[in-house]
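Beneath this line is the structure, given in structure tokens, with notes to follow.
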Amino acid sequence: MSSMNADNFRRFAPMAAADASPLYAALAEQAADDARLRAVFEGPEPGSADDRPVTLAFAAMHRVLADHPDDALAAYYASLGGDRAPDAELAKAFEAFVFDHRDRIETLLATADLQSNEPLRAAQLRPAFGWAQAGLGRALGLIEVGTSAGLLLHPERYGYEYVFGDGSVLERPPAAGSDPRDDVVGPVLRCEMRGAATAKALAPLIAKDLRISSRVGLDLNPLNPADAENRAWLRAQVWPEEADRRARLDAALAMAVRYPARLRKGDAVAILPAAVGTVSAPAVPCVFVSNTLAHFDADGRAAFVELIRALGARQDLVLIVKEPDSVGLGLFAPRAVADPAVPGVETLGAVLYQAGRERCFSLGTAGPRGAWLDWAPAML
């Protein structure tokens, strides 16, 4: 068995440190120097170094460790109740745990995928849904491509706080259930606003209720939020120190269990037409994709664009995309080449089909994992 490239772990270590995970930074440095550890993380079917991302390796280990909270390594994981900072004993605990549980870690690496399903991205998508509803004047039938556990299919149930540079805050509380005894509500999603947009300009898109006629999520491997193992895997993908993110995920999962959405398994290009066909008039199909098209190959993205255009030629439809330009809005409209010195910037855009006519709009730019939004709608 060949080992994972040490450079993968060396590149990951400073990123983990910058993202406030001294634990993962220390573990990555250790794995970079230990070919035996890298061999475990590569999994039972080694491929090229880039085929087994470090984040997947650490998520698999996190998942297995969650079932062994008394292990010495768990003392370093805040997510498992630990409070010990990386020290001289960490390396020994790390090595012992990995080799003691090698079979299960390798099984996870061979079968699991990274599907973090960060609900905070709904804060970036919510103004786009409001914009589409206002422009079309009709309810939306939501169809998400790459849905994971479907946590973004409930935008009207989350609460929102948009924080602007001038100190103003635009708030919308989470939706209450129809039964007053129901205390399961979505979390409040807080999003930093950048650029020139003001709370007054954004308010009409947030204050007005979304009218959602139906919702369905499409994925090669949809995760049922009611399944305990699926929930455990999603939690394992949250880094140990990210307590706020973990609490947000738990609240979103509880809400998704209380209000289940329809999730369909299959290739998006193959099953999207049927999903669009389930949206009953006068509602408009609203296909949306967020941090998914980058995982398609070039042929898959071309097929997706061709299909969207074919569907839009037959009926009114809107596509909302939140992706890097080259694999998102840039597939539909010529876009300037992104500055490689500014990583992690995505374009929030829309492609609108009415009476067979295609129109493309840039709605703004967005940071990774829902961190920030610069709302600036413009027709291309």
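In the working numbering, the protein residues as written are 36 to 415.
All residues carry an ideal CB built from backbone N, CA and C; glycine is no exception.
- Nearest to residue 220 by C-alpha distance, out of 191, 138, 366 and 325, is 191.
- The three-state secondary structure of residue 240, taken from DSSP, is helix.
- By the neighbour-count criterion, in which a residue is buried when 16 or more other Cβ atoms sit within 10 angstroms of its Cβ, residue 204 is exposed.
- Note on residue 202: under 16 other CB atoms within 10 angstroms of its CB, so exposed under the neighbour-count rule.
- Closest by C-alpha distance to residue 406, out of 314, 198, 345 and 317, is 198.
- One thing to note: residue 410 has its Cβ no nearer than 7 Å to the Cβ of residue 167.
- Contact between residue 89 and residue 44 holds: their C-beta atoms lie close to 6 Å from each other, under 8 Å.
- Apart from the 5 residues on each side of it in sequence, residue 286 sits with its Cβ closer than 6 Å to the Cβ of 222 in its chain, given in chain order.
- The continuous stretches of beta strand (DSSP E) do not include residue 191, and DSSP gives it neither H nor E.
- Counting every other CB atom within 10 Å of its CB across the protein chains shown gives residue 245 a total of 16 or more, marking it as buried.
- Taken atom to atom, the span from the alpha-carbon of residue 122 to that of residue 281 is near 25 Å.
- DSSP, read as helix, strand or coil, puts residue 389 in strand.
- Counting along the chain, no alpha helix (DSSP H) covers residue 410; the unbroken beta strand (DSSP E) around it starts and ends at 407–414.
- Rounded to whole angstroms, the separation of the alpha carbons of residue 360 and residue 187 is 21 Å.
- Three or more beta-carbon pairs drawn from the segment 49–64 and the segment 266–277 are found closer than 8 Å, and the two stretches are therefore classed as touching.
- Taking a contact to require three or more Cβ pairs closer than 8 Å, the segment 343–363 and the segment 383–397 qualify as touching.
- Per DSSP, residue 324 is one residue of the beta strand (DSSP E) stretching across 319–325.
- DSSP assignment within the segment 87–162 yields the following whole alpha helix (DSSP H) runs of 4 residues or more, N-terminal first: 89–101, 125–135 and 137–146.
- Under the 8 Å Cβ criterion, the segment 106–126 does not count as touching the segment 296–305, having fewer than three qualifying pairs.
- Excluding its 5 nearest sequence neighbours in each direction, residue 48 has C-beta neighbours in its own chain below 6 Å: 60, 63 and 64, listed in chain order.
- Take residue 304, set aside five residues on each side of it, and the residues of its chain with a beta-carbon closer than 8 Å to its own are 335, 338, 339 and 342, in chain order.
- Per DSSP, residue 252 lies in no alpha helix (DSSP H); the unbroken beta strand (DSSP E) holding it starts and ends at 247–254.
- The C-alpha of residue 134 is placed about 43 Å away from the C-alpha of residue 382.
- Residue 341: member of the alpha helix (DSSP H) spanning 333–349, first to last residue.
- For residue 354, the uninterrupted beta strand (DSSP E) segment begins and ends at 352–358.
- Within a 10 Å sphere around the beta-carbon of residue 176 sit 16 or more other beta-carbons, which makes this residue buried.
- DSSP, reduced to helix, strand and coil, places residue 197 within a strand of the structure shown.
- Within 10 angstroms of the beta-carbon of residue 165 lie 16 or more other beta-carbons, which makes it buried.
- Pairing residue 403 with residue 379 gives a Cβ-Cβ distance under 7 Å.
- Selection 269, 70 and 367 evaluated against residue 101 yields 269 as nearest (Cα-Cα).
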